[in-house]
Amino acid sequence: MNKIKRLLATVGLALGGEAQADYALNLTEGVTEVSRDIHDLHMYILWVCVVIGVLVYSLITYSVIHHRKSKGVIAAQFHENTKLEAVWTVIPFLILLTMAIPATRIMVKAYDTSGADMTIKVTGYQWKWRYEYLDEGLDFFSTLDAKSNEARQLGSRLDPAQVDHYLLNVDRPLVIPVGKKIRFVFTGADVIHSWWVPALGWKKDTIPGFITDAWAKVEKPGVYRGQCAELCGRDHGFMPIVVVAKPEEEYRQWLAEQKGQSAAAKEAARAEAVKTFTMDELLAKGKEVYDANCASCHQANGEGIPGTFPAISHSPVATGPLEEHVKIVLKGKGQLMPAFETSLQPAEIAAVVTYQRNAFGNHQGDLVQPSQVAAQK
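So, in structure tokens, the structure goes:
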């Protein structure tokens with residue numbers, strides 16, 4: 001049924017129907033000056049190629065019809081025609097020149113990050129994004145929203161069709177002001193990712209150990225969605241990007257609210273770091289952390305995916321030495337298991353380790369306190 005719907009939508013697109021909104025075949029014009037310049041350059045080069053194609057194939061078709069051997073036509077014989085060689089050398093050169101000049105001008109503009117009003121550092125993680133407002137001291141992670149994460153799980157009762165912007169929504173979007181030149185600085189924490197929002201007109205790889213940059217000046221308020229454009233691992237398709245552009249006044253209000261919430265969260269984290277939790281508290285908190293950060297790989301039932309992600313249930317890690325379990329969660333393991341020491345607080349790591357060692361049939365009876373995690377960290 002889904003294949004039939006897609007086929008009908010494609011036919012509707014060909015006939016100029018409303019399906020164009022979902023099945024676009026061309027570049028988006030975007031909401032920045034650079035994105036429109038790139039779109040216009042693309043259309044210009046496309047039509048140049050169309051004209052060349054029409055002329056060439058028209059000449060070929062005419063020659064095949066009117067100069068074929070069956071009509072008694074004899075092919076002309078010539079060699080080293082200097083004028084002809086000059087013509088077919090100069091004309092392509094001029095055509096390429098008319099493309100190269102505007103393309104170079106747009107490239108220079110696209111790479112010029114000087115004179116920015118603010119700077120945001122973007123770091124790619126498996127499988128989330130970290131945004132640091134370097135001028136404001138604001139720092140947070142952005143991950144796939146809870147409903148999309150639940151709906152994508154094997155055996156989930158939640159229908160993806162009932163989730164708004166399924167796999168294209170996040171818990172905390174990147175918010176920027178309209179009309180300001182924003183410099184983005186990119187890097188990676190584990191593997192190569194690629195930050196891509198089509199409406200901005202470009203994408204940038206986030207490479208561990210390297211820094212790249214780009215800029216954007218969004219011209220109108222709105223919500224602009226994107227995705228990681230690099231095959232960064234099994235859950236590559238589950239780290240979307242959401243950019244919310246707000247008018248200056250609304251952005252300032254949002255920024256003040258976020259700073260207040262961030263300060264409160266840091267204070268709460270400091271308090272939790274020295275708190276002694278009960279087993280019930282750790283199990284409840286640990287389940288929340290597990291569902292948000294671990295279930296995508298190890299599955300909600302802790303059984304994992306054979307051959308790809310190991311099970312938590314009766315695993316040698318969850319039933320082995322406690323210190324080694326905490327270390328793996330903190331530091332990660334190999335390319336598939338990311339480190340959580342920067343994205344999770346000591347209380348969250350203590351809770352999720354406690355949960356894993358006592359859930360899924362493990363029943364180890366171990367209880368980990370945040371102070372133990374902080375000491376090992």
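According to the UniProt record's numbering, the sequence shown is numbered sequentially starting from 1.
Every residue, glycine too, gets a C-beta built ideally from N, C-alpha and C.
No experiment lies behind these values; they were computed from the predicted model shown.
Just the Cα atoms here: how many angstroms apart are THR82 and ALA75? Your numbering for residue 82 matches position 82 in the sequence shown. Your numbering for residue 75 matches position 75 in the sequence shown. Looking at the two C-alpha atoms, the distance is approximately 19 Å.
HIS193 versus GLY124: straight-line alpha-carbon distance, rounded: As a first step, residue 193 must be located in the sequence shown, where it is residue number 193. As a first step, residue 124 must be located in the sequence shown, where it is residue number 124. So the two alpha carbons sit approximately 6 Å from each other.
Within 10 Å of its beta-carbon, does TRP129 have 16 or more other beta-carbons around it, so buried, or fewer, so exposed? Translated into the one-based positions of the sequence shown, residue 129 becomes position 129. Buried, by the Cβ-count rule.
Evaluate PRO346 with the Cβ neighbour count: other Cβ atoms within 10 Å of its Cβ, from every protein chain shown; 16 or more gives buried, anything less gives exposed. As a first step, residue 346 is located in the sequence shown; it is residue number 346 there, counting from the start. PRO346 counts as buried, since no fewer than 16 other beta carbons sit within 10 angstroms of its beta carbon.
Say whether the region 168–179 touches the region 321–330, bearing in mind that this needs 3 or more beta-carbon pairs closer than 8 Å, one atom from each stretch. These segments do not touch.
Hey, how far is the Cα of SER58 from the Cα of VAL50? The residue labelled residue 58 in the question sits at position 58 within the sequence shown. The residue labelled residue 50 in the question sits at position 50 within the sequence shown. Each residue's alpha carbon lies about 12 Å from the other.
Using C-beta distances below 7 Å, list every residue in its chain close to ALA229, excluding the 5 sequence neighbours before and after it, in chain order. As a position in the sequence shown, residue 229 is number 229, starting the count at 1. Correct list, in chain order: SER194, TRP196 and LYS203.
Since ALA216 is in the beta strand (DSSP E), which residue starts that stretch and which ends it? Counting from 1 along the sequence shown, the entry for residue 216 is found at position 216. Residues 212–216.
Is it buried or exposed for ALA21, if we count other Cβ within 10 angstroms and need 16 for buried? Numbered from its first residue, the sequence shown carries residue 21 at position 21. Below a pLDDT of 50, predicted positions are generally treated as unreliable, and ALA21, at 39, falls in that range; the measurement from the model is reported next regardless. Counting the other Cβ atoms within 10 Å of the Cβ of ALA21 gives fewer than 16, which makes it exposed.
DSSP state of TRP88 mapped onto helix, strand, coil: As a first step, residue 88 is located in the sequence shown; it is residue number 88 there, counting from the start. If DSSP states are grouped into helix, strand and coil, TRP88 belongs with the helices.
Terminal residues of the continuous beta strand (DSSP E) containing MET239? Numbered from its first residue, the sequence shown carries residue 239 at position 239. Looking at the DSSP string, MET239 is not in any beta strand (DSSP E), and its letter there is neither H nor E.
C-beta atoms of THR354 and GLY304 nearer than 8 Å: Taking the sequence shown and counting its residues from 1, one reaches residue 354 at position 354. Taking the sequence shown and counting its residues from 1, one reaches residue 304 at position 304. Not a contact, by the Cβ cut-off of 8 Å.
Whole-angstrom C-beta distance between GLN356 and ILE312, which should lie under 8 Å: The sequence position of residue 312 within the sequence shown is 312, counting from 1. The sequence position of residue 356 within the sequence shown is 356, counting from 1. Yes, ILE312 and GLN356 are in contact; Cβ-Cβ is about 5 Å, under 8 Å.
Spatial neighbours of VAL87 in its chain, beta-carbon cut-off 6 Å, leaving aside the 5 residues before and after: For the purposes of this step, residue 87 is taken as the residue at position 87 of the sequence shown. Cβ neighbours of VAL87 beyond the five flanking positions: none.
Contact set for VAL243: own chain, Cβ-Cβ below 6 Å, skip 5 residues either direction: As a first step, residue 243 is located in the sequence shown; it is residue number 243 there, counting from the start. The residues are LEU174, VAL197 and TYR224.
Quick one, which of ILE65, HIS298 and GLU80 has its alpha-carbon nearest VAL73's? Your numbering for residue 73 matches position 73 in the sequence shown. Among ILE65, HIS298 and GLU80, the Cα nearest to that of VAL73 belongs to ILE65.
Cβ separation of ASP205 and PHE184, assumed to be a contact under 8 Å, to the nearest whole Å: Your numbering for residue 205 matches position 205 in the sequence shown. Your numbering for residue 184 matches position 184 in the sequence shown. For ASP205 against PHE184, the beta-carbon gap comes to about 12 Å, at or over 8 Å, which does not count as contact.
Shortest alpha-carbon distance to VAL34 belongs to which of VAL122, LEU138, LYS109 and ALA359? The residue you call residue 34 lines up with position 34 of the sequence shown. Of the candidates VAL122, LEU138, LYS109 and ALA359, the one whose C-alpha sits nearest the C-alpha of VAL34 is LYS109.
Contained alpha helix (DSSP H) runs [length at least 4] in the region 323–368, N- to C-terminal order: Taking only runs of at least 4 residues, the alpha helix (DSSP H) segments lying wholly in the region 323–368 are 346–358.
Rounded to the nearest angstrom, what separates GLU150 and SER156 at their Cα positions? On the sequence shown, position 150 is the one that residue 150 refers to. On the sequence shown, position 156 is the one that residue 156 refers to. Distance between the alpha carbons of GLU150 and SER156: 7 Å.
What is the DSSP secondary structure of ALA199, reduced to helix, strand or coil? Here residue 199 refers to the residue found at position 199 of the sequence shown. Reduced to three states, the DSSP call for ALA199 is helix.
Contact defined as beta carbons within less than 8 Å: I believe LYS377 pairs with LEU330. What is the distance between those atoms, to the nearest angstrom? Within the sequence shown, the letter at position 377 stands for residue 377. Within the sequence shown, the letter at position 330 stands for residue 330. Between LEU330 and LYS377 the Cβ distance is about 6 Å, and since that is below 8 Å, they are a contact.
CA-CA distance, VAL122 and ALA116? Numbered from 1 along the sequence shown, position 122 holds the residue referred to as residue 122. Numbered from 1 along the sequence shown, position 116 holds the residue referred to as residue 116. Approximately 16 Å between the Cα atoms of the pair.
Look at the alpha carbon of GLY365 and the alpha carbon of VAL317, and state the distance between them as a whole number of angstroms. Mapped onto the sequence shown, residue 365 falls at position 365. Mapped onto the sequence shown, residue 317 falls at position 317. Cα to Cα, the separation comes out at about 14 Å.
Is it the case that the Cβ atoms of THR308 and ARG234 are separated by a distance below 8 Å? For the purposes of this step, residue 308 is taken as the residue at position 308 of the sequence shown. For the purposes of this step, residue 234 is taken as the residue at position 234 of the sequence shown. Taking 8 Å as the Cβ cut-off, THR308 and ARG234 qualify as a contacting pair.
Cutting at 7 Å between CB atoms, please list the residues of its own chain near LYS3, excluding the five before and the five after it. The residue you call residue 3 lines up with position 3 of the sequence shown. Residue placement at LYS3 is poorly supported in this model, since its pLDDT is 47, which falls under 50; the coordinates still yield a value, given next. Cβ neighbours of LYS3 beyond the five flanking positions: none.
Beta-carbon proximity list for PHE238, same chain, < 6 Å, skipping 5 on both sides: For the purposes of this step, residue 238 is taken as the residue at position 238 of the sequence shown. Its chain contains TRP127 and LEU144 as the residues whose beta carbon lies nearer than 6 Å to that of PHE238, once the 5 sequence neighbours on both sides are disregarded; these appear in chain order.
In whole angstroms, what is the alpha-carbon distance linking GLN299 and SER262? By one-based count along the sequence shown, residue 299 stands at place 299. By one-based count along the sequence shown, residue 262 stands at place 262. Distance between the alpha carbons of GLN299 and SER262: 30 Å.
To the nearest whole angstrom, what separates the beta carbons of VAL31 and VAL289, a pair I think is in contact under 8 Å? Sequence index remark: in the sequence shown, residue 31 carries index 31 (1-based). Sequence index remark: in the sequence shown, residue 289 carries index 289 (1-based). VAL31 to VAL289, Cβ: 36 Å. No contact.
Less than 8 Å between the beta carbons of GLN372 and ALA350, yes or no? One-based indexing of the sequence shown puts residue 372 at position 372. One-based indexing of the sequence shown puts residue 350 at position 350. Taking a C-beta distance under 8 Å as the contact criterion, GLN372 and ALA350 qualify as a contact pair.
Among LYS220, PHE210 and ALA199, nearest to VAL191 - alpha-carbon criterion: Residue 191 sits at position 191 when you count from the first residue of the sequence shown. The shortest Cα separation from VAL191 among LYS220, PHE210 and ALA199 belongs to PHE210.
In terms of residue numbering, what span does the alpha helix (DSSP H) encompassing ILE312 cover? Stepping through the sequence shown from its first residue, residue 312 is reached at position 312. Element bounds for ILE312: n/a, residue is neither H nor E.
Nearest by alpha-carbon distance to ASP139: which of ASN293, HIS363, THR342 and THR319 is it? The sequence position of residue 139 within the sequence shown is 139, counting from 1. Comparing Cα positions, the closest option is THR342.
Classify ARG252 as helix, strand or coil using the three-state DSSP reduction. Taking the sequence shown and counting its residues from 1, the one referred to as residue 252 is at position 252. Helix, per DSSP.
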